[in-house]
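Enquirer: Here it is, the structure, as structure tokens.
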Amino acid sequence: MKIKEAIMLLRHQEPLACETIRVRVSSRIDEDTYGTCFHDAEKGTITIRINKSLSLVAQLDVLMHEWAHAMLLGIPEEFDKHGPLWGVCYARCYNVIYPS
Ligand SMILES: [Zn+2]
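Under numbering that gives the first Met the number 0, the residue at position 68 of the sequence shown is numbered 67, and the numbers go up by one with no gaps.
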């Protein structure tokens, strides 16, 4: 699956509580950073960045990981964590990308 296809599926099946969602596969990111998820509350945007140097499979994994953070937008104390709620969100993303 291509990354754009995966983004489209996630947008439809796990929509985010945010009007503007940007996903960038970028080479301008620290080489030891896989990805980031940034919420700009003033602008009402979510920006997910994925390190371009990763393999496609790893990029998909980072996309699911960061999308799961974005799903926790309404629960600020969980947004940055990798707790049980984040785990559930990640599993939901996984089922979108790799349906059983
Ligand atoms: Zn994370």
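Heads up, the beta-carbon is just placed ideally off N, CA and C, and yes, glycines get one too.
In the DSSP assignment, find the unbroken alpha helix (DSSP H) run with His64 in it and report its ends.
Expert: Leu55 to Ala69
Enquirer: Excluding five sequence neighbours on each side, which residues of the same chain lie with their C-beta closer than 7 Å to the C-beta of Cys88?
Expert: Ala67, Met70 and Leu71
Enquirer: Compute the beta-carbon to beta-carbon distance between Ser54 and Ser26, rounded to the nearest angstrom, for a pair I have assumed lies under 8 Å.
Expert: In fact, because the Cβ distance is near 14 Å, the residues do not count as touching under 8 Å.
Enquirer: Is the Cβ-Cβ distance between Val95 and Leu9 less than 8 Å?
Expert: yes
Enquirer: Tell me the DSSP secondary structure of Ile74 in three-state form.
Expert: Of the three classes helix, strand and coil, the one that applies to Ile74 here is coil, per DSSP.
Enquirer: Return the bridge partner residues of Gly82 from the DSSP annotation.
Expert: Looking at the DSSP assignment, Gly82 forms no beta bridge with any residue, so it has no partner.
Enquirer: Determine the closest residue to Met0 out of Glu65, Leu84, Leu59 and Ile47, with distance taken between C-alpha atoms.
Expert: When each option's Cα is compared against that of Met0, the closest is Leu59.
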